[in-house]
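K.L.:
In the numbering used here, the protein residues as written are 28 to 321.
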């Protein structure tokens, strides 16, 4: 289908600031290293060593209609094998990491800058981020269609469940976006998602975003667990603001314990949905401990 010149093709690339690129790419890369590395029992890790660890995370879409940078009458992504030519890791083991600050909250909608390293282990975002090209990629949504500059329809992955067993579906997406946009919450990412007027539930696996105005940076904003991670609606209803210490996402790890000022320990989510390039389940690690620098 031939491309047409519209808002999405003209301003997508210049609407993404360097600061946002660094924020999204850096956080996702750290999460990928934790989610997929494995094989060393109780081995202490340093920040530099994460770059060489086998990674696992969002799949890379095929060429053609990728994210906002290439828009057609119906622009969409297509699934591709997760992780491409990334090396396959060994399952098992534990890892210990240090972080420059203690975690303040495990609520992905009200994080501080220091919280993302912890939250990326527990949650996923609707859209992923291609680490090589720094473009939106498939995440909890396996594809999306841009019918016009103010309508984006997401097709969601099926069969995914939150840590508490709640199904991930279009209603969960609507609940999360509505919560972020609620002025009473004072969400960290509210300004980044301000172009959204509403989310319509078409069916369980389809969510339609209706925008107030075109926003070429929206897909990038939705690619960040920091600010836009997807939380279990059941848990939100149960815990309310106390979700900050009772995180329930769809991420590669679940919370085992949190000792403020000391450590956050997460354990492998046995039902995690992502696979490596050979079809092996992720994450490889059984446990990750993150401790703030004293």
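Idealized CB from N, CA, C, for every residue including glycine.
If we ignore side chains and look at the alpha-carbon of each, how far apart do residue 291 and residue 151 end up?
P.N.:
Here residue 291 refers to the residue found at position 264 when the chain shown is read from its first residue. Here residue 151 refers to the residue found at position 124 when the chain shown is read from its first residue. Distance from the CA atom of residue 291 to the CA atom of residue 151, rounded to whole angstroms, is 18 Å.
K.L.:
Jot down the residue ranges of each uninterrupted alpha helix (DSSP H) in the segment 129–177, minimum 4 residues, whole runs only, in chain order.
P.N.:
143–146
K.L.:
Is the separation between the beta-carbon of residue 286 and that of residue 149 shorter than 8 Å?
P.N.:
Numbered from its first residue, the chain shown carries residue 286 at position 259. Numbered from its first residue, the chain shown carries residue 149 at position 122. No. Outside cutoff.
K.L.:
If you check the beta carbons only, do residue 277 and residue 167 fall under 8 Å apart?
P.N.:
Against the chain shown, residue 277 aligns to sequence position 250. Against the chain shown, residue 167 aligns to sequence position 140. Yes, they are a contact pair.
K.L.:
For residue 260, which of helix, strand or coil comes out of DSSP?
P.N.:
As a working mapping, residue 260 is identified with position 233 in the chain shown. Residue 260: helix per DSSP, three-state reduction.
K.L.:
Label residue 185 either buried or exposed according to how many other C-beta atoms from any shown protein chain fall within 10 Å of its C-beta, with 16 as the threshold for buried.
P.N.:
For the purposes of this step, residue 185 is taken as the residue at position 158 of the chain shown. Residue 185 is exposed by the Cβ-count criterion.
K.L.:
Just verifying my parser: in three-state terms, what is the DSSP assignment at residue 97?
P.N.:
Locating residue 97 in the chain shown gives position 70, counting from the first residue. Only weak support exists for where residue 97 lies, its pLDDT of 33 falling under 50; the value from the coordinates is given anyway. Coil.
K.L.:
Can you grab the Cα-Cα spacing for the pair residue 298 / residue 203, in whole Å?
P.N.:
Here residue 298 refers to the residue found at position 271 of the chain shown. Here residue 203 refers to the residue found at position 176 of the chain shown. Using only the alpha carbons, I get a separation of about 22 Å.
K.L.:
With DSSP as the reference, identify every bridge partner of residue 11, one or two as the case may be.
P.N.:
Nothing can be reported for residue 11: it is not among the residues displayed for the chain, which extend from 28 to 321.
K.L.:
Taking just the CA atoms, how far does residue 306 sit from residue 261?
P.N.:
For the purposes of this step, residue 261 is taken as residue 234 along the chain shown, with counting starting at 1. For the purposes of this step, residue 306 is taken as residue 279 along the chain shown, with counting starting at 1. About 30 Å.
K.L.:
Does residue 213 come out as helix, strand or coil in the three-state DSSP assignment?
P.N.:
Counted from its first residue, the chain shown places residue 213 at position 186. Coil, per DSSP.
K.L.:
Let me check understanding here. Comparing Cα to Cα, which of 300, 289 and 271 lies closest to residue 280?
P.N.:
As a working mapping, residue 280 is identified with position 253 in the chain shown. Comparing Cα positions, the closest option is 300.
K.L.:
So with Cβ pairs under 8 Å, would you call residue 126 a contact of chain C?
P.N.:
Annotation note: the requested chain C is absent from the structure, which comprises a single protein chain.
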